[in-house]
Amino acid sequence: MAVLDRPADAGRSHAIASPPGTGGEATLGHVNPGLRTERLLMKGNEAIAEAAIAAGCDAYFGYPITPQAELLEWMARRMPEEGRVFVQAESELAAINMALGAGAAGARVLVSSSSPGISLMAETMSYMAGSRVPCVLINVMRGGPGLGSIGAAQGDYLQATKGHGHGDYHVPVLAPSSIGEAIELVSDAFVLAERYRTPVMILADGILGQAMEPVEPEFPKLPKPAADWTIEGADGREPRVVRSLHIQPADLEAHNNVLQATYRELVAREPRWAGELLDDAEVVVVGYGTAARVARTAVERAREEGIRAGLFRPVTLWPFPVGGLRAAAAGARAVLTVEMSAGQLVEDVRLALEGTVPVYLHGRTGGMVPSPDAVVEAIRRVCVGVPPLRGVEELR
Amino acid sequence: MAVLDRPADAGRSHAIASPPGTGGEATLGHVNPGLRTERLLMKGNEAIAEAAIAAGCDAYFGYPITPQAELLEWMARRMPEEGRVFVQAESELAAINMALGAGAAGARVLVSSSSPGISLMAETMSYMAGSRVPCVLINVMRGGPGLGSIGAAQGDYLQATKGHGHGDYHVPVLAPSSIGEAIELVSDAFVLAERYRTPVMILADGILGQAMEPVEPEFPKLPKPAADWTIEGADGREPRVVRSLHIQPADLEAHNNVLQATYRELVAREPRWAGELLDDAEVVVVGYGTAARVARTAVERAREEGIRAGLFRPVTLWPFPVGGLRAAAAGARAVLTVEMSAGQLVEDVRLALEGTVPVYLHGRTGGMVPSPDAVVEAIRRVCVGVPPLRGVEELR
Amino acid sequence: MTMSTPLVDAPLRRAPGELPAFQPVVVADERCKGCGLCVDACPPGVLVLDERFVNAMGHHVARLVDADACTSCAKCARVCPDAVLTIYARPKEA
Amino acid sequence: MTMSTPLVDAPLRRAPGELPAFQPVVVADERCKGCGLCVDACPPGVLVLDERFVNAMGHHVARLVDADACTSCAKCARVCPDAVLTIYARPKEA
Amino acid sequence: MERSTIIAGFGGQGILFAGKVLAEAALLEGREVLWIPSYGPEMRGGTASCTVIISDRIIGSPVVDRADHAVVLNPPSMAKYAPAVAAGGLLVVNTTLIEAEPGRDDIEVLEVPCTSVARGAGDDTLVSVVALGALVGRRRFVEPESVHRAFERLLGAKRPEIIAADTAAFDAGYEAGLEPAIA
Amino acid sequence: MERSTIIAGFGGQGILFAGKVLAEAALLEGREVLWIPSYGPEMRGGTASCTVIISDRIIGSPVVDRADHAVVLNPPSMAKYAPAVAAGGLLVVNTTLIEAEPGRDDIEVLEVPCTSVARGAGDDTLVSVVALGALVGRRRFVEPESVHRAFERLLGAKRPEIIAADTAAFDAGYEAGLEPAIA
Amino acid sequence: MTAPSIGRLIYERPALLSSKPTSYCPGCGHGIVHRILAEVLGELDLGSRTILVGSVGCSVFAYDYLRLDSVESPHGRAAAVATGVKRYRPDRVVFTYQGDGDLAAIGTAEIVHAAARGERFTTIFVNNGIYGMTGGQMAPTTLPGQKTTSSPWGRDTSVSGYPLPVTEMLSLLPGVAYAARGSVAEPGLIGKTKAAIKRAFEVQLEGNGFSIVEVLSTCPVGWGMTPTAAMERLATEVTAAYPLGTYVDRAKGIAPSMPVPGSLVRSLSEGF
Amino acid sequence: MTAPSIGRLIYERPALLSSKPTSYCPGCGHGIVHRILAEVLGELDLGSRTILVGSVGCSVFAYDYLRLDSVESPHGRAAAVATGVKRYRPDRVVFTYQGDGDLAAIGTAEIVHAAARGERFTTIFVNNGIYGMTGGQMAPTTLPGQKTTSSPWGRDTSVSGYPLPVTEMLSLLPGVAYAARGSVAEPGLIGKTKAAIKRAFEVQLEGNGFSIVEVLSTCPVGWGMTPTAAMERLATEVTAAYPLGTYVDRAKGIAPSMPVPGSLVRSLSEGF
Ligand SMILES: Cc1ncc(C[n+]2csc(CCOP(=O)(O)OP(=O)(O)O)c2C)c(N)n1
Ligand SMILES: Cc1ncc(C[n+]2csc(CCOP(=O)(O)OP(=O)(O)O)c2C)c(N)n1
Ligand code: SF4
Ligand code: SF4
Ligand code: SF4
Ligand code: SF4
Ligand code: SF4
Ligand code: SF4
Ligand SMILES: [Mg+2]
Ligand SMILES: [Mg+2]
């Protein structure tokens, strides 16, 4: 019945980047990876924007920031062409609040920004989670902290998956590692947002946003499910209220229990990952997004050297594919996370494995991207129990 | 040499809430827990404010929000009396940016707010971490997510310790569980902020902010160390710049390496915790702040029943006292975290123990506080390997 | 604008027994917060706060003490923050 | 305001050999971005962009083509976004 | 020995003040104290309350799941806090406003017509001070002298007439609290 | 087979366009492509560059630590990217602006005076198209016809004269690239 | 609720007010503004297609009192939230209800830009010169010299600056189709304020831009006054600082002229 | 750098400019404003006690070009950061340097409130009507009809609203001691703008409130024009939309009058 109905933690090979949905309330378009005619070269930012339009995005709100600006610019032209809502807000804070309003009114909403702008949205993301307003938010990450650099980075992993706003909430986080996958995940993100009434984040990075790759011109389309909670005027029925305020703690706790039940369902049903060469892997390399692509090349090179490396690539960063990783790492001598950050994903890897396999980190920061050869060297080392040379030391 | 010089993970008994510093660059005032004359009853919010003044806070910036408003109000009166800077900003965003400016100019700065207002500070906290501007930020937490409730809560643990702003940075987080301890931790927070050139957070909650407890009238005083990086006008020297921008990724990575080295030093030197009845504990109860006080009562009641329970109370939430907890839990049958959240602290507990001891959670949310008897019941259950009845299920 | 006298122990100008046949002002007692704004706004000054009565919220409620002098001008209703008052025009025959 | 002609291949009005003894305008070649604003601002029109020269940043730089006609008004310097130009008054004796 | 007291009533009844007086009295006796108020907009138009925990040792939980005493001054407080009293605990009920019965027989109930006692002592607004007096009179977990000194500390030298009024109200309540012990 | 190419030069030299043409040509051949530009303010007044990876399989790393080809059109690019070429790889050098030597003998160096070749082909601004032609001429990892079709796809029907100019520049570069194989 | 004797109904509680008692303190102006809104929307028969965009302040519970579909906004962001609602639902009537802390402090950017963009919603801006909900701190609108919990010696303009003339500032923006300032100080003004609010909604229906009514209101508790004394202060001191009236009604040709500068040279401290 | 022949020095690169070449595009107005600032601070001999509060926009690297102690601000927050600096260091000269995206969009609340509080720093507001750094998107100050990368058909006022008259709005605030709008369109105006900036710093030294100079500037790249064509557009179209001159110089008695409302009743759509 559900788009994302399948055994929890079911994985897919890396080659097919994202599991297409399997019908149900919202049918996902199908992308045929064999089809090679009439593909288009598209920039990641533009493909994401167009994917949202194809998925029936009703309203886009944004604010310029590198390396995400082309997404906003694409929407500035295409949304009015489609007769849909485009507003360049006065700030990211305003943009995300416009999204809250439009989402509460029933719109399928997209918002995009990059790291500093995402930070400004923390309060409202918490409100949207609390008020259960669906929305898809794209973070095309750049180097931090602060103004940092505009290079591609993955320094916002913990923000997206753990912290960001205040209070007990979670946001599903999807991490594409190719432009084709980004197109599918945009559509899947809307499905998740509406099914679970939650904001959803897509974590991309500057390379994914700026690069061009061939994409199929047919983007997934989504029907719009009916909603019985949106505000539209109380015409012949009791008024509806979209809110996160529950001034009595007991009421708020009851509300939180509903949220937590939703999160448990997400954890049970929606973890996604992709794997490659895992069956006999003595070193499992874990990475997402752009870092996973580097890792993939490194795994291939390591195999050429005779090291049995495999790749585990979480597609949902939250819920984290714990079961998948545990199974993948069960027979491994070492797990190596490859990150464009100082050690963030590695926390979830350690939480998932709970000491059963040694976990190492190879991380670059600030817009630097690990090189395949450096990852190969790290694989060589962790394979014999030596911590990687390059890479930020673990903090604990 | 350092105030906080002592073996990493050194703990203190619960009775003396916070380890006073032991001299060095910044001498901490001493509070004599035996002295019982002339104590004052003070509200937590006001005691924190006055402690900051005693510690030499030069400037305070804030914005009203329940349950933190009295802190701002106290400062509105006392800072001008002391001839120091008080500004009620137009928003939390403005307040934290004023702090960035004053901090960069060399001021010892305090900012306070509560959960939603803290979320608004995410971007600038990342900037301050990146620009290495010291500042102490108080979060008097309330129920979330969103507008939530104004009840006391601990739902911002993961935000404070992992997420919040973008990019690879950490912020030391101190968690007092009494007003007396809050007074000392305010002073310690300034020491940490200046020694490591970092913003520091104090995580309190609505009960700690609103309650009154007796406090010693002598608050710790701090000398102000000289700084060679503050902006004050380039008079006869090269100009100084306080910034987080390093447009070349390689430069930003080099800068990040400095930050990461700082964090490693913090992790090695500054974890703090307090423990009670741990030596023979079969159940180690872990909690901080107000929840730790409930846990303490529960531990006592459990002991009365013959269950050997003990209390482990992290005082630094980041860096988390991993070593201390590992040692404390080494002989235990179960670890139970008690939280005013849906399961946040429990992640760090699991990361610290890595599967060596079963970890359970008893959490209340939205402004609800666990009751001692409910915690006793949870202790009874986890002692025999049964998950606690009440409390939010773990998410993974 | 004259100051009202809230919580004053003003007696009804007419004894309770002899209530007039027509009541131009109906007070929803349970909603009144005894703020006295209506008392202050009434041109003929025929409203008082009833010190002898406290509603469930703990407030002394507004009372019309002289129905005959009331002009049904509704000024009281238009200042009332709690929409406590309903106003009727004096019937022709009354 | 007239439009400047940037990147124009205008020759120096005087052959390079016969440079005047006094140069009222000194161009810091390595800083010039060839924007042409000075060319546009010069009242007697004695500045051009030197098409024969590209500096390390890849720009054709400004050149004074007629020192004698320059009035040292410094208008060029005051529009220059890159503070490229130094201006001297013609010495009494020159 | 640890004793926990909940005081609750209408916002205007001086609830938080009564709790502060109790806390200050305990402080003067050199004991540990924790005073926790209700706060924020929840207090507007609703019920105010505070919890005072007094102990000879460091105080743990601020949440009282076994209250030794509750003082309830209006009907909603009665409904909310009567069940919170531990078996053997004391419930002080302001009978001026509360008609309901607590419906428990495992606790001691002390009925005090606070308004009239307060009026008798000179100021009929000091209902919670009267109730506090009754509580202390009945259970004497702080000394009445400490409460007298607490008034002085809290109200300061500037307002001797208020100190006198509060002291009188407290003493009247105290007497009312003692009564049945004599009877 | 996977081939990676880095193209770098001044912002105004058409670097990103040349990379797009190469990427489009590969796309037209049904291959996998990844085109990554430099972006943002770093491009202002500095060096622009792009990386094009062409493969018969799914493309992994976008970071090229072993470039098969580098095309450098100005001195800073030479300094930055000559060391990035893998042993046996090809470095195309625009000798119109670059005097320096790469200082490596494990790679093939193809020197092309791009401006004059471009001028010879009719438009002296098309330096990176010339360089692209030389690269393809020497290594032929995409077919020149694919590049011709790429110009049509990218420039569209609206601008036939531009297509003609670009094609001419590419072909001239292509010839310049072939040359030494004949010699 | 039947009258003891039958007479023509002059005034009754408007149907769009719910039966829930409000959480407002006795005599609080918010209740009056709520009542006006219920009356206006009822009279215009807009209740079934109106969306209330709430804000954070004492009126945060307005969704409980007005029988309208509502959405909550984070503190200060109501104008952005309303932009999102109205852009997606241009056929609905949308209004924000905001206090002065909410709109004039933390929400400054959002209201200025919604006005500048000419968003076609209405803002009801209830200015009581204080942060009511959080305990009576100084607001940007607090009058000079006024004591609050965060200006214990009275607002000192040399330190805390001057009251923010929000409506005056917004009235300079061409996107603003209607702007007026009313008051709840007495029945007559309440009537005029109601008329202004009605006009603001009409302007929204006309679709020519942003409309706002600033309503000067009281916070007896925050001001430390009885409700009637607060009304007195409102009618005198407060109104003197914030002139009542219509600032913009573009359809009717009412709009202030833009400030015209003196010449730049006039400011020369030296020649050039 | 010696002259071939010695003559009196009329103009030289000001000492407060560093030797680093700027990252600005050829002909960008930022360079002119930097030069003016270096001149003014040099002439007033303030370099050694001045603190630059930077912002995020193309001028984000200003700390590399002006030889001043500097602090970076998050995008839009310079006015708050400067408040923090100046409050702690009232004896220092503090100024913000902000673009129009930074100040007039995301930073609206911070600039309005710094002005309302009368913070004693100076703001240099470089208005080029576009987001230069991020690739030429529409700013709040973009002119109607102007094409940008986010207004591909030109700014449509019915959708995106009208240019924000920042200086006019701020000039209504009593906390503002000085406000002027200059331009870099030609040498004469550059000279007047320099005088205005000098006056702004003098006003800061006088300590009577906030001072701001809006400088109309160009973004040749974002406007898709040559530098000279951009200057031409600045001198004509842009200046027509944003009148140059002194809006406020309180010490000299210059200040616009506040908008005065029509009566509330005038707006009545019906009687009451
Ligand atoms: C981000 C954030 N900051 C602060 C608060 C606390 N807060 C709640 S209401 C309020 C201000 C209320 O003032 P106003 O808008 O004037 O409304 P009033 O209560 O006076 O009607 C504040 C600061 C909050 N809820 N969220
Ligand atoms: C929070 C945040 N949002 C967005 C950006 C991206 N950004 C950088 S500069 C800029 C605007 C620049 O415009 P302006 O202030 O007008 O300066 P200009 O470049 O035109 O001089 C933006 C939106 C950012 N750095 N941070
Ligand atoms: S209707 Fe008029 S006269 Fe009658 S009570 Fe009300 S205000 Fe007074
Ligand atoms: S009727 Fe209304 S105005 Fe009159 S006292 Fe009661 S609440 Fe106040
Ligand atoms: S100084 Fe004046 S005349 Fe001479 S080149 Fe410059 S602008 Fe022209
Ligand atoms: S000297 Fe200055 S103004 Fe003239 S072209 Fe060069 S950079 Fe432009
Ligand atoms: S605090 Fe003030 S604004 Fe809030 S409800 Fe009470 S009187 Fe009204
Ligand atoms: S983009 Fe525009 S504002 Fe930025 S440096 Fe270039 S010309 Fe100047
Ligand atoms: Mg207010
Ligand atoms: Mg700009």
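Residue numbers (this note's numbering), protein chains in the order written: chain A, 54 to 449; chain B, 54 to 449; chain C, 353 to 446; chain D, 353 to 446; chain E, 2 to 184; chain F, 2 to 184; chain G, 1490 to 1761; chain H, 1490 to 1761. Glycine included, C-beta positions come from ideal geometry on N, C-alpha and C. Keep in mind it's a predicted model, so treat the numbers as computed, not measured.
Secondary structure of residue i, DSSP reduced to three states
i: PHE11/F; result: strand
i: ASP420/D; result: helix
i: MET393/A; result: coil
Chain-order list of residues whose beta-carbon lies under 8 Å from that of residue i (same chain, five-residue window excluded)
i: ILE60/F; result: GLU3, GLU33, VAL34, LEU35 and ILE54
i: THR96/E; result: GLU112, VAL113, PRO114 and CYS115
Contact set for residue i: own chain, Cβ-Cβ below 6 Å, skip 5 residues either direction
i: ARG1739/G; result: ALA1666
i: ALA165/F; result: none
i: GLY208/B; result: GLY197 and SER394
Buried or exposed (CB count within 10 angstroms, at least 16 for buried), residue i
i: GLY136/A; result: exposed
i: ILE1495/H; result: exposed
i: ASP106/F; result: exposed
i: ARG404/C; result: exposed
i: GLU1721/G; result: buried
Short Cβ contact (8 Å threshold) for residue i with residue j
i: GLY201/A; j: GLY419/A; result: yes
i: ILE1525/G; j: ILE1686/G; result: yes
i: SER172/A; j: ALA142/B; result: no
i: ALA235/A; j: GLY97/A; result: yes
i: VAL1522/G; j: SER1706/G; result: yes
Close Cβ partners of residue i (< 7 Å) along its chain, the five nearest in sequence each way excluded
i: HIS223/B; result: TYR316 and TRP371
query: Using a beta-carbon distance cut-off of less than 7 Å, what residues from the stretch 1574-1593 of chain G approach chain C?
result: none
message: Taking beta-carbon pairs under 7 Å, can you tell me which members of the stretch 256-275 of chain B lie near chain E?
response: The stretch 256-275 of chain B vs chain E, Cβ under 7 Å: ILE260, GLN263, ALA264, MET265, GLU266 and PRO267.
- request: Report the residues of the stretch 1539-1564 of chain H with a CB closer than 9 Å to any CB of chain B, ordered along the chain.
  value: THR1539, ILE1540, LEU1541, VAL1542, GLY1543, VAL1545, VAL1549, PHE1550, TYR1552, ASP1553, LEU1555, ARG1556, LEU1557, ASP1558, SER1559, VAL1560, GLU1561, SER1562, PRO1563 and HIS1564
task: Using a Cβ-Cβ cut-off of less than 9 Å, list which residues of the stretch 1717-1745 of chain H approach chain G; keep chain order.
output: PRO1732, LEU1733, GLY1734, THR1735, TYR1736, VAL1737, ASP1738, LYS1741, ILE1743, ALA1744 and PRO1745
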